[in-house]
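Written out below as structure tokens is the structure these notes cover.
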Amino acid sequence: GDIAVLIKPLRVPKGERGYITTNVLLALDGTDKPEELLYVITSPPQYGQIEYVSYPGIPITSFSQMDVARQIICYVHNTKAAVPEDTFR
């Protein structure tokens, strides 16, 4: 079926981390199985990384909508420079 993805900006100061929550990233497909909705990072952020909160310093390449709902995924802005934005796909 169709998947709807809602995305909002996440503001993270340099050297800090920001939690990726359902307010920032939400995919819905009508099945009520968020553990089966997977995000695969094909182009990582340039100025930071996506990681599991419980494994700091280790970048990840995929995570589920359930991970987002459980608030266990974060973006870490790990560059010294202040940058206007960073993105990942």
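Under UniProt numbering, residue 89 is the last one in the sequence shown; the count climbs by one each step, no gaps.
All C-beta atoms in this analysis are idealised placements derived from N, C-alpha and C, irrespective of residue type, glycine included.
This structure is a prediction, so every number in the text was calculated from the model and none was measured.
Proximity to residue i [Cα-Cα], best of the options
i	options	result
LEU28	ASP86, GLU16, GLY1 and SER62	GLY1
GLY18	LEU26, VAL53 and LYS33	VAL53
GLY48	VAL5, LYS80 and LEU6	LYS80
ASP86	ILE50, THR31 and LYS33	ILE50
ALA69	LEU10, ILE20 and GLY30	ILE20
Backbone secondary structure at residue i - three-state DSSP
i	result
PRO45	coil
ALA4	strand
GLU51	strand
VAL68	helix
DSSP beta-bridge partners of residue i
i	result
SER62	VAL40
GLY18	TYR75
Same chain only: Cβ atoms within 6 angstroms of residue i, ignoring 5 sequence neighbours per side
i	result
PHE63	TYR39 and ILE73
ALA4	LEU28
Same chain, Cβ closer than 8 angstroms to residue i, five either side skipped, listed in chain order
i	result
GLU35	SER64, GLN65 and MET66
Inter-residue CB distance, residue i and residue j (contact presumed, cutoff 8 angstroms)
i	j	result
ILE41	PHE88	5 angstroms
LEU26	LEU6	4 angstroms
Same chain, Cβ closer than 7 angstroms to residue i, neighbours up to 5 away in sequence not counted
i	result
SER43	PHE88 and ARG89
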